[in-house]
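Student: Protein chains in written order, with my numbering: chain A, 14 to 321; chain B, 323 to 658.
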Amino acid sequence: MGRYLIRRLLQMVPVVIGTTLIIYAMVWALPGDPFAGKCGDRPCPEAYVAAQTAKFNLDEPFPVQYAFYMGKLVTGDFGETFSGRSVIEEIGRAYPTTLRLAIIALLVEIVIGITAGVLSGLRRGRFLDNLVLVSTLLVISIPIFVVGFVLQFVVGIKWGLAPPTVSGNAPWAELLLPGFVLASTSLAYVARLTRTSIVENIRADYVKTAVAKGLPQSKVVGRHVLRNSLIPVVTFIGADVGALMGGAIVTEGIFNIRGIGGLTFTSIGQREGATVTGVVTVLVLVFLLANLLVDLLYARLDPRIRYD
Amino acid sequence: MTDPMARTSPMTSSSVVAPTAVHGSQVPPQPASGPAGPSSAAPLASKDKPRSLGSDAILELRRDPIFIVASILILFLVVMALFPGLFTGTDPRDGDLSLSRDGPSAAAWFGNDIQGRDVYARTIYGARASILVGILATLFVTLLGGTAGVLAGYFGKYVDSILSRLADIFFAIPLLLGAIIFLVSFPNDGGTSDIAAILKVTIALALLGWPSIARIMRASAIQVKQADYVQAARAVGAGNARIIRSHILPNGLAPVIVVATISLGLYIVAEATLSFLGIGLPPQVISWGGAISDAQNYIRQSPHMLLFPAAFLSVTVLAFIMLGEAVRSALDPKLR
Chain A
14 MGRYLIRRLL QMVPVVIGTT LIIYAMVWAL PGDPFAGKCG DRPCPEAYVA
64 AQTAKFNLDE PFPVQYAFYM GKLVTGDFGE TFSGRSVIEE IGRAYPTTLR
114 LAIIALLVEI VIGITAGVLS GLRRGRFLDN LVLVSTLLVI SIPIFVVGFV
164 LQFVVGIKWG LAPPTVSGNA PWAELLLPGF VLASTSLAYV ARLTRTSIVE
214 NIRADYVKTA VAKGLPQSKV VGRHVLRNSL IPVVTFIGAD VGALMGGAIV
264 TEGIFNIRGI GGLTFTSIGQ REGATVTGVV TVLVLVFLLA NLLVDLLYAR
314 LDPRIRYD
Chain B
323 MTDPMARTSP MTSSSVVAPT AVHGSQVPPQ PASGPAGPSS AAPLASKDKP
373 RSLGSDAILE LRRDPIFIVA SILILFLVVM ALFPGLFTGT DPRDGDLSLS
423 RDGPSAAAWF GNDIQGRDVY ARTIYGARAS ILVGILATLF VTLLGGTAGV
473 LAGYFGKYVD SILSRLADIF FAIPLLLGAI IFLVSFPNDG GTSDIAAILK
523 VTIALALLGW PSIARIMRAS AIQVKQADYV QAARAVGAGN ARIIRSHILP
573 NGLAPVIVVA TISLGLYIVA EATLSFLGIG LPPQVISWGG AISDAQNYIR
623 QSPHMLLFPA AFLSVTVLAF IMLGEAVRSA LDPKLR
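Right, dumping it as structure tokens:
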């Protein structure tokens with residue numbers, strides 16, 4: 014177990030280096046003046062350009078620039094934006110909102126998705142099953158920005174049940190609707206995945222044994238079928254944690270939420286290289302750790318899986 | 323990538339249902355199993371002629387209503403993309419400001435947009451960009467991911483290590499975020515032609531999408547290369563190229579086709595999302611994403627501007643996902 018964990022953590026190192034290198038290269042090393050438009054309608058003053066060039070080592074060759082950046086990143090220094098704000102503070106300000114949004118989305122996904130999947134898997138071929146299959150297919154096909162606008166308009170404006178936009182400090186209650194929108198696609202995937210998995214497992218010999226020895230239905234499903242069926246679902250949810258935190262750009266935009274998605278989008282637009290690389294580094298780390306956590310969870314769900 | 327990661331591998335958000343390694347355990351396409359599925363005894367096939375997985379799947383598909391509906395929809399959409407003139411005589415670029423944001427009427431079935439252009443004509447013409455991006459992105463992803471997966475799985479050792487780490491890197495970058503950064507880094511200017519803009523979006527999606535196909539192909543290659551018939555082929559002197567062509571590729575093909583078809587729909591969504599954010603296709607390319615983006619500020623007053631392109635977009639994605647699902651259930655004997 015310990016050795017497995019260390020090996021997995023070591024495998025993350027090249028991935029983090031690779032992703033930051035790619036993003037850093039795309040943001041910094043490409044043609045185009047990084048100072049274009051930074052100082053309003055006039056060209057930037059010499060002194061400013063010189064100071065920023067020194068700060069980001071822009072006159073060094075690209076590998077050296079990147080090495081300097083990584084050297085600081087390893088010590089936890091994410092650098093500063095062009096206007097001198099600390100990148101890690103910017104991320105720290107935006108992250109709690111995104112985290113709350115992601116937690117709501119994750120809960121919606123798990124509770125509604127798995128319930129719908131279990132119900133439809135147990136009643137294969139019946140009305141409820143078909144209803145779940147058709148409605149999830151529809152949800153997957155409708156792009157999230159359409160879902161967002163329609164729900165914002167119907168629930169937020171027409172019915173007035175939820176605020177159509179989220180205020181600055183983003184309290185939990187206001188994030189419910191956006192969280193639901195963010196979860197919609199994954200919710201459908203979770204439901205379908207659970208259903209397929211249940212349908213596959215319900216015919217297994219161990220289920221027949223459990224029924225034969227007289228276990229009540231709830232125990233057969235809860236203890237035997239569900240536990241074995243959840244592995245692919247947990248895998249999906251683990252991969253989705255990373256996606257929820259990085260993929261919220263659209264949802265945050267529609268509902269005017271000041272989270273990581275919005276921060277990333279504006280930073281990319283303003284070519285704030287330090288912020289973009291910093292955010293991507295954080296997101297990749299979250300993604301990798303979530304996946305590792307899922308792999309460790311397998312052993313809990315299925316004792317046959319051992320890591321040594 | 324070892325043990326448990328292999329389980330996680332093909333599970334990306336781009337697959338509707340886990341296309342897990344189960345496909346690899348299927349009978350290889352060439353030798354047909356004597357008695358096919360008990361219930362699928364088709365009257366068409368004669369008893370003595372062995373049926374392959376492929377022809378079995380085709381028989382299965384012909385009877386699947388989902389497959390038929392999806393195929394008709396896709397055929398319809400492809401014709402729309404190729405010959406938009408068949409569906410409308412109106413010029414989609416012809417704007418009349420006095421008609422701005424007019425609702426649906428007999429003259430303009432879907433109403434007019436903010437520039438007074440015909441929404442119906444623009445929706446018809448918008449099919450081309452979406453379908454082109456979807457097909458090209460899927461093609462690139464399959465070629466890139468398939469090659470990488472076969473090489474990594476078949477040759478193993480350091481080839482596998484390098485390619486798998488590379489796949490991990492691109493897999494870890496969120497699709498939308500990576501594509502935005504790519505497109506902002508290589509911006510369009512006035513001289514960018516429509517097709518160049520479409521290709522750029524395609525490349526961005528392909529660069530970030532190939533690892534999922536690579537992982538499926540790699541898993542299947544690893545499984546097949548130890549099989550007895552591959553050893554036998556090698557013993558009688560078949561070279562690497564021959565083994566890959568006639569044993570490794572056919573075995574990995576089924577799951578790859580399924581995932582590729584389903585992701586085609588999802589690349590169309592991704593393109594629309596990028597265009598919606600204003601960085602995918604430039605405004606001169608007529609696209610559903612662009613139309614929805616233009617409509618977003620008027621959703622309260624003129625919902626028709628948003629609903630019609632959104633409906634076409636959703637139906638297109640739905641058609642491709644349904645096609646993928648139908649192919650999956652035809653190719654996966656476990657679900658019969």
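Even for Gly, the Cβ is constructed at its ideal location relative to N, Cα and C.
On the CB-based measure, 16 or more other CB atoms within 10 Å of its CB, does B:ASP616 come out buried or exposed?
Tutor: Flag for B:ASP616 reads buried.
Student: Determine contact between the stretch 555-571 of chain B and the stretch 519-538 of chain B, defined as no fewer than three beta-carbon pairs at a distance below 8 Å.
Tutor: Segments in contact, no.
Student: Rounded to a whole number of angstroms, what is the C-alpha to C-alpha distance between A:LEU302 and B:GLY600?
Tutor: For A:LEU302 and B:GLY600, the distance between alpha carbons rounds to 32 Å.
Student: Could you give the residue range of the alpha helix (DSSP H) that holds A:GLU265?
Tutor: Here the alpha helix (DSSP H) through A:GLU265 covers 262-267.
Student: Could you work out which residues of chain B lie near A:ILE155, taking near to mean beta carbons separated by less than 7 Å?
Tutor: Correct list: SER636.
Student: Given B:VAL649, which residues of its chain have a CB within under 8 Å of its CB, disregarding the five upstream and five downstream residues?
Tutor: For B:VAL649, where only same-chain residues beyond five positions count, the Cβ hits under 8 Å are ALA379, LEU383, PHE389, ILE579, VAL580, THR583.
Student: Starting from the C-beta of B:LEU421, find all residues in its chain whose C-beta is less than 6 Å away, skip the five residues before and the five after it, and write them out in chain order.
Tutor: Cβ within range, chain order: ASN434, GLY438.
Student: Which class does B:ASN671 belong to by DSSP, given the choice of helix, strand or coil?
Tutor: Residue 671 of chain B lies beyond the stretch modelled for chain B, which goes from 323 to 658, so this question has no answer here.
Student: In terms of DSSP beta bridges, what is A:GLU336 paired with?
Tutor: Chain A is shown only over 14 to 321; residue 336 of chain A falls outside these bounds and no answer can be derived.
Student: In the DSSP assignment, find the unbroken alpha helix (DSSP H) run with B:GLN660 in it and report its ends.
Tutor: Limits of chain B in this structure are 323 at one end and 658 at the other, which puts residue 660 of chain B out of reach.
Student: Is there contact between the stretch 212-220 of chain A and the stretch 236-253 of chain A, where contact requires at least three CB pairs shorter than 8 Å?
Tutor: These segments touch.
Student: Can you give me the Cβ contacts of B:GLN348 inside the same chain, cut-off strictly under 6 Å, excluding the 5 residues immediately before and after it?
Tutor: Bear in mind that the predicted position of B:GLN348 carries a pLDDT of just 40, short of 50, making it too unreliable to give a figure here.
Student: Could you list which residues in chain A have their beta carbon closer than 7 Å to that of B:GLN618, in chain order?
Tutor: Those within 7 Å of B:GLN618 in chain A are PHE162.
Student: Residues in the same chain with beta-carbon distance under 6 Å from B:ALA536, minus the five sequence neighbours each way, listed in chain order, please.
Tutor: Hits under 6 Å: GLY467, ALA470, GLY471, ALA489.
Student: Considering only the beta carbon of each residue, do A:LEU243 and A:GLU122 sit closer than 9 Å?
Tutor: No, these two residues do not count as a Cβ contact at 9 Å.
Student: Interface residues of chain B around A:VAL263 at Cβ under 8 Å?
Tutor: In chain order: LEU498, THR595, PHE598, LEU599.
Student: Under 9 Å, do A:ALA287 and A:GLU93 count as touching if we go by C-beta distance?
Tutor: Yes, these two residues count as a Cβ contact at 9 Å.
Student: Answer yes or no: does any C-beta atom of chain A fall closer than 9 Å to that of B:ARG567?
Tutor: Taking Cβ atoms only, chain A never reaches closer than 9 Å to B:ARG567, which makes this a no.
Student: Whose CA, out of A:GLY291, A:VAL297, A:ARG319, A:ILE270, lies closest to the CA of A:THR111?
Tutor: Answer by Cα proximity: A:ILE270.
Student: Helix, strand or coil, according to DSSP, for A:ASP72 in the structure here?
Tutor: Three-state result, A:ASP72: coil.
Student: Looking only at C-alpha atoms, which of B:VAL591, B:VAL391, B:VAL523 sits nearest to B:LEU505?
Tutor: Residue B:VAL523 is the option with its Cα nearest to B:LEU505.
Student: Under 8 Å between beta-carbons, which chain A residues line up against B:PHE504? List them in chain order, please.
Tutor: Per Cβ cutoff of 8 Å: MET39.
Student: How far does the alpha helix (DSSP H) with A:GLY130 in it extend, from its first residue to its last?
Tutor: 127-135 is the span of the alpha helix (DSSP H), which, as asked, contains A:GLY130.
Student: State the beta-bridge partners of B:ASP440 as determined by DSSP.
Tutor: B:ASN434, per the DSSP bridge assignment.
Student: Measure the alpha-carbon distance for A:VAL29 versus A:ALA129 and round it to whole angstroms.
Tutor: If I take the Cα positions, the gap works out to 36 Å.
Student: So B:GLY587 contacts chain A; which residues on that side make the cut at Cβ distance below 9 Å?
Tutor: Chain A residues near B:GLY587: ILE153, SER154.
Student: Check the Cβ of A:LEU301 against every Cβ in chain B and list those closer than 9 Å, keeping chain order.
Tutor: Chain B residues near A:LEU301: ASP490, ALA494.
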